[in-house]
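Asker: So the protein sequences, as listed, match chains A and B. The number in the numbering used here is simply the position in the first sequence, starting from 1, with 211 added. The number in the numbering used here is simply the position in the second sequence, starting from 1, with 4 added. Every residue gets a Cβ at the ideal spot worked out from N, C-alpha and C, and that includes glycine. Below is one structure. I have some questions about it.
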Amino acid sequence: MIKKLFKNKNLNLIIGTVIVAIMVLFMLVGIFAIPYESTDISASLKFAPMSLEHPFGCDNFGRDILSRVMEGTIATFKVALGTVIIGTFFGIIIGGVTGYFGGIIDEVLMRVIDAVFAFPSILLALLFISILGSGTYQVTIALGIAFVPSFSRIVRAEFLKAKNMDYVRMARLMGASNIRIMFVHILPNIYPVLISSIMIGFNNAVLAEASMSYLGIGVQPPEPSLGRMLSEAQTYIFKVPNYALFPGIAVILLILGFSLLGDALGEK
Amino acid sequence: MKYVLKKLVTMIITVVLVTFFVFLAFNLISGDPATSALGTEATPERLAAYRTQMGLDDPVVVQYLRWGGNFLTGDMGTSYSYRMSVSSMISEKIPVTLIMAVMSFLIMIVVAIPIGIYTAEHKDGVLDRIITVINQVVMAIPPFFSGILITLLFGQIFKLFTPGKYISYQDDFGGFLGYMFFPALAIALPKITMAVKLLRTSVLKEVKNDYVRTAYSKGNSSRQVLYGHVLKNAFLPVITFLGMCLTDMIAGSIIVEQVFSVPGLGRILLTSISNRDYPVVMAIIVIIACLVLLVNMLVDVLYGFIDPRITPDD
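In structure tokens, the structure reads:
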């Protein structure tokens, strides 16, 4: 029975969907029915153990960890979503133009992209943050820019492949404009590749956001964020392991869910 | 040889582009260097004198060339907040970060390659399935979180090292390596999982080729086919990935250094970012970017030697 289940290739899809659904539900509860105000400080609840009132316990300021993990997950999700939107938008435009038209624009833009690509994304994000200053919006923009090169490379490769295909030639013969061919004809055809690289990009963004806020750049206190919670929890890791455990699990589930989903969608 | 030369030229062009980009970004957006160096209370005359002295009124390209020339001779400017030369601040930290990256790279190779080959060899075996599932989960753990878990497990439960008690490589090299093993492990973990997955897929894809059937038909055992024929080809995509890993590890150390309080490049980079100490930030970013480009070029060259098919027209 178990063997049969493992052989099923859709297992990734099922588990991935379930995990993503759980995380989305978790965030929805955080938006509409958050149990406590995540910034409420209470001296009597300092390091309160896990209980029915506080399922994940309380932190060093007596704040409810469950509520903070909920809001932190939402914050991370927002940044990751923004990053992916920025990266995909510019990635499609740059990759589409360079791949479809080729020529001198392609040469110049790809050299620039290569130069930007030489930076590991964390380093590039740190570079932008040292210029823009730290904060949620700055981190989103910085990570978004950091993901443009990899997206545009993928899009460019797909456009290169597609532009000589029969359906594109037909569309050209019928008098469709370049813009129309690019966005109405080619784009829908390459979306399976895009979806899986968007998922990978999303995961990298979650990871990068968590790392950034762990370093103290990004979401500013007292607003909760998963990375910052982990860095605060590190001091008390032996005394109060649940403080570090739950934000950590939230990050892992978020990444795991989307990477399983990405794998499953990419296999088709 | 021509191939190596070509790669070298491409690398130098990219280095120039990258450094110019960094220089421009800091020069245009980071405000007036004269005010940053002399403070906001400096008189306009002193600011103007400083500008002429440092050549801040010259065109950007001239300034860039001067800065680049100084950089090559080891003069990376003066830190705003510590009033020290940047090169003396960071020269001792570079080995720390580099050793950490190299250690995690070695850990990755030692662990990932045998596991990858094993799982491909025993595809769909019980152990293969278990490893694949564990792999998928470990892949989702951010390095800084696995760092925290490693501190908890090895530092506080097994007491194999004292968390936060960094041993300098100048005092006790053995102790330094012993301490650095754990941050290196934290950096290596997610890469190990990716390398295992990639190697497994690559071997399984390679096995489907015709030459494998030919090798079998000549009477080779499956071990001979795997080690003598398949692996050579299956390693090709993995090498590119390994090169990317090394560069990622250099960058990833910035974060993991914080978890284990290792005073490497990442530590100064972060304090300098929050102090707005631009000369330091600029120097570290340029150094890391150049290291990354160098590794990329070496991988390309290595690739050309291993796979002669690439050399002629690329």
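Look at residue 305 of chain B and residue 244 of chain B and say whether their C-beta atoms are less than 8 angstroms apart.
Answerer: No.
Asker: Does the beta carbon of residue 462 of chain A come closer than 8 angstroms to any beta carbon on chain B?
Answerer: Yes, residue 462 of chain A lies at the interface with chain B (some Cβ there is under 8 angstroms from its Cβ).
Asker: Within its chain, find whatever has a CB closer than 7 angstroms to the CB of residue 316 of chain B; leave out the 5 residues flanking it on each side and keep chain order.
Answerer: Low confidence applies to residue 316 of chain B: its pLDDT is 45, below 50, so where it sits in the model is not reliable, and the reading given next is rough at best. Answer for residue 316 of chain B: no residue qualifies.
Asker: Please list the segments of the alpha helix (DSSP H) lying wholly inside the region 387-445 of chain A, counting only runs of 4 or more residues, in order along the chain.
Answerer: With a minimum length of 4 residues, the continuous alpha helix (DSSP H) runs that stay inside the region 387-445 of chain A are 402-425, 437-444.
Asker: Look up residue 79 of chain B in the DSSP assignment and say whether it is helix, strand or coil.
Answerer: Residue 79 of chain B: coil per DSSP, three-state reduction.
Asker: Taking only beta carbons into account, state which residues of the region 401-429 of chain A come closer than 7 angstroms to chain B, listed in chain order.
Answerer: Listed by position along the chain: 418, 421, 422, 425, 426.
Asker: Who are the neighbours of residue 252 of chain B on chain A, taking C-beta pairs under 7 angstroms?
Answerer: The answer, in chain order, is 331.
Asker: Does the beta carbon of residue 459 of chain A sit closer than 8 angstroms to a beta carbon anywhere in chain B?
Answerer: Yes, residue 459 of chain A counts as interfacial toward chain B.
Asker: Are the CB atoms of residue 463 of chain A and residue 408 of chain A within a distance shorter than 8 angstroms?
Answerer: Contact: no.
Asker: Verify whether the separation of the beta carbon atoms of residue 242 of chain B and residue 203 of chain B is less than 8 angstroms.
Answerer: For residue 242 of chain B and residue 203 of chain B, yes; Cβs fall inside 8 angstroms.
Asker: Could one say the Cβ of residue 322 of chain A lies closer than 8 angstroms to chain B's Cβ atoms, at least one of them?
Answerer: Yes, its Cβ sits closer than 8 angstroms to a Cβ of chain B.
Asker: Starting from residue 237 of chain B, follow the alpha helix (DSSP H) in both directions and report where the run begins and ends.
Answerer: First-last of the alpha helix (DSSP H) with residue 237 of chain B: 235-263.
Asker: Using the beta-carbon count (16 or more within 10 Å), is residue 295 of chain B buried or exposed?
Answerer: Burial call: buried.
Asker: Among A:295, A:227, A:387, A:470, whose alpha-carbon lies nearest the alpha-carbon of residue 350 of chain A?
Answerer: Comparing Cα-Cα distances from residue 350 of chain A to each of A:295, A:227, A:387, A:470, the minimum goes to A:295.
Asker: Could you tell me whether the region 49-63 of chain B touches the region 12-23 of chain B, using the rule of 3 or more Cβ pairs below 8 angstroms?
Answerer: No: the two stretches stay apart, fewer than three of their Cβ pairs being nearer than 8 angstroms.
Asker: Buried or exposed: which applies to residue 431 of chain A, given that a residue is buried once 16 or more other Cβ atoms fall within 10 Å of its Cβ?
Answerer: Exposed, by the Cβ-count rule.
Asker: I'd like to check one pair, residue 28 of chain B with residue 64 of chain B: are the Cβ atoms closer than 8 angstroms?
Answerer: A contact, by the Cβ cut-off of 8 angstroms.
Asker: Residues of chain B with CB under 9 angstroms from residue 349 of chain A, in chain order?
Answerer: Within 9 angstroms Cβ-Cβ: nothing; residue 349 of chain A doesn't reach chain B, min ~12 angstroms.
Asker: Just the chain B side, please: which residues come within less than 9 angstroms of residue 436 of chain A by C-beta, in chain order?
Answerer: Near residue 436 of chain A there are no residues of chain B at all, since even the closest Cβ is about 13 angstroms away, more than 9 angstroms.
Asker: When the cut-off is 8 angstroms and only beta carbons count, does residue 317 of chain A lie next to chain B?
Answerer: Not an interface residue.
Asker: For the putative contact between residue 197 of chain B and residue 143 of chain B, defined by C-beta atoms under 8 angstroms, what is the C-beta separation to the nearest angstrom?
Answerer: Yes, residue 197 of chain B and residue 143 of chain B are in contact; Cβ-Cβ is about 4 angstroms, under 8 angstroms.
Asker: Please identify, using Cβ separations under 8 angstroms, the residues of the region 84-113 of chain B that lie next to chain A, in order along the chain.
Answerer: The residues in question: there are none.
Asker: Residue 25 of chain B CB to nearest chain A CB: under 8 angstroms?
Answerer: Closer than 8 angstroms: yes.
Asker: To which residues of the same chain is residue 297 of chain B closer than 8 angstroms at the C-beta, ignoring the five residues directly before and after it?
Answerer: Only 15, 18, 19, 22 meet the Cβ criterion.
Asker: Please name the residues in the region 110-135 of chain B whose beta-carbon is closer than 7 angstroms to at least one beta-carbon of chain A, in chain order.
Answerer: Hits within the stretch, in order: 133.
Asker: Does the Cβ-Cβ distance between residue 250 of chain A and residue 274 of chain A come in under 8 angstroms?
Answerer: Closer than 8 angstroms, so yes.
Asker: For residue 123 of chain B, count neighbouring C-beta atoms within 10 Å of its own C-beta (all shown protein chains included) and say buried if the count is 16 or more, exposed if not.
Answerer: Result: buried.
Asker: CB residue 319 of chain B to CB residue 293 of chain B, shorter than 8 angstroms?
Answerer: Coverage of chain B is limited to positions 5 through 318, which leaves residue 319 of chain B absent and any answer about it impossible.
Asker: Ignore the nearest five residues each way along the sequence and tell me which others in residue 234 of chain B's own chain have a CB closer than 8 angstroms to its CB.
Answerer: The answer, listed in chain order, is 207, 210, 211, 216.
Asker: Keeping to the same chain, check which residues put their C-beta closer than 7 angstroms to that of residue 285 of chain A; ignore five residues upstream and five downstream.
Answerer: Contacts found: 238, 241, 242.
Asker: Have a look at B:266, B:61, B:310, B:70 and flag the residue whose alpha-carbon is nearest the alpha-carbon of residue 169 of chain B.
Answerer: Among B:266, B:61, B:310, B:70, the Cα nearest to that of residue 169 of chain B is on B:266.
Asker: If you drop the 5 nearest sequence neighbours on each side, which residues of the same chain put their C-beta closer than 7 angstroms to that of residue 392 of chain A?
Answerer: Contacts found: 379, 382, 383.
Asker: Please name the residue in A:272, A:377, A:231, A:282 whose C-alpha comes closest to that of residue 499 of chain A.
Answerer: With chain A covering 212 to 479 only, the question about residue 499 of chain A has no answer from this structure.
Asker: Taking 7 angstroms as the cut-off, is the beta-carbon of residue 371 of chain A closer than that to any non-hydrogen atom of the ligand SAH?
Answerer: With respect to the ligand SAH, the structure shown offers nothing to examine, as it has no ligands at all.
Asker: My assumption, with CB atoms under 8 angstroms, is that residue 336 of chain A sits in contact with residue 417 of chain A. Please give the rounded CB distance.
Answerer: Actually they do not touch by this definition, with Cβ atoms about 13 angstroms apart.
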